[in-house]
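Below is one structure; the comments refer to it alone.
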Amino acid sequence: MKNLILTTCLIGLAFLSQAQDVKPERKGFSIGASAGIGILNYTKGESKENSTSLTVPNIMAGWMLNQKLGLYLNMPGVLYSENDSDRGFEALIPSVKYWPTNRVWVLGGAGMAMDFPAFYQVDDPATEDWNTGMGALLGVGVELYQSKKWTIDLQSKFLFSKINLPSNQEMTGSALMITLGINYY
Numbered sequence: 000m001k002n003l004i005l006t007t008c009l010i011g012l013a014f015l016s017q018a019q020d021v022k023p024e025r026k027g028f029s030i031g032a033s034a035g036i037g038i039l040n041y042t043k044g045e046s047k048e049n050s051t052s053l054t055v056p057n058i059m060a061g062w063m064l065n066q067k068l069g070l071y072l073n074m075p076g077v078l079y080s081e082n083d084s085d086r087g088f089e090a091l092i093p094s095v096k097y098w099p100t101n102r103v104w105v106l107g108g109a110g111m112a113m114d115f116p117a118f119y120q121v122d123d124p125a126t127e128d129w130n131t132g133m134g135a136l137l138g139v140g141v142e143l144y145q146s147k148k149w150t151i152d153l154q155s156k157f158l159f160s161k162i163n164l165p166s167n168q169e170m171t172g173s174a175l176m177i178t179l180g181i182n183y184y
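Quick look at the structure:
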């Protein structure tokens, strides 16, 4: 039933987006958020794992340089479980977002990757593992609904990270996220 409702909503948005002739005014400060599902594959030491779960709220904020080009700070991520505890495979990525057409955008960037405990499970921050490293983000999206000041889009993002762990070990991982987002210009 949930799948039927979601499919009906997406088809309705697609038809609605085709019937409109509104172009968003992309200028100045811009902010957006999205949520969805993610597939995470990672290696920690000798252990290889993969999981499918909800994404953390993916947040972005930035500045539009013109109607087709913006500079953003993206915070993508996906949750995973390890030793009966939830953790976030996340990043803080400066990126460039470009619209080759009125509805389709692409983005890319590189920055700091993070492997943190989920905020709702932290009792004592001093006893938790807070790991960082380097990450890269690629994405593509299509705006399903456009108004003058905001849009709803379907996003696909790929996050690759190499994170430094204690004892000179590394965590290498990649996450593919499919999300539904809302953006304000």
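Each residue of the sequence shown is one higher than the one before, starting from 0 at the first, in numbering that gives the first Met the number 0.
The C-beta atom is built at its ideal place from N, Cα and C for all residues, glycine as well.
Note that this is a predicted model, so its numbers are computed, not measured.
Cα-Cα separation, residue i to residue j
i	j	result
A60	A32	9 angstroms
Q154	L175	10 angstroms
Helix, strand or coil at residue i [DSSP, three-state]
i	result
P165	coil
V21	coil
P99	coil
D114	strand
N82	coil
Y183	strand
Same chain, Cβ closer than 8 angstroms to residue i, neighbours up to 5 away in sequence not counted
i	result
G27	W62, M63 and Y184
6 angstroms CB neighbourhood of residue i in its chain, flanking five on each side removed
i	result
Q145	V21 and P23
Own chain, CB closer than 7 angstroms to residue i, minus 5 neighbours either side, in chain order
i	result
Y79	L39, S50, S52, R86 and F88
| field | Ranges of the beta strand (DSSP E) found wholly within the segment 118 to 161, counting only runs of at least 3 | value | 130 to 145
| request: Tell me, please, whether the segment 99 to 113 touches the segment 128 to 135 by the rule of three or more beta-carbon pairs shorter than 8 angstroms. | output: Yes, the segment 99 to 113 is in contact with the segment 128 to 135.
| alpha helix (DSSP H) segments (min. 4 residues) lying fully within the segment 38 to 79 | Complete alpha helix (DSSP H) runs here, min 4: none at all.
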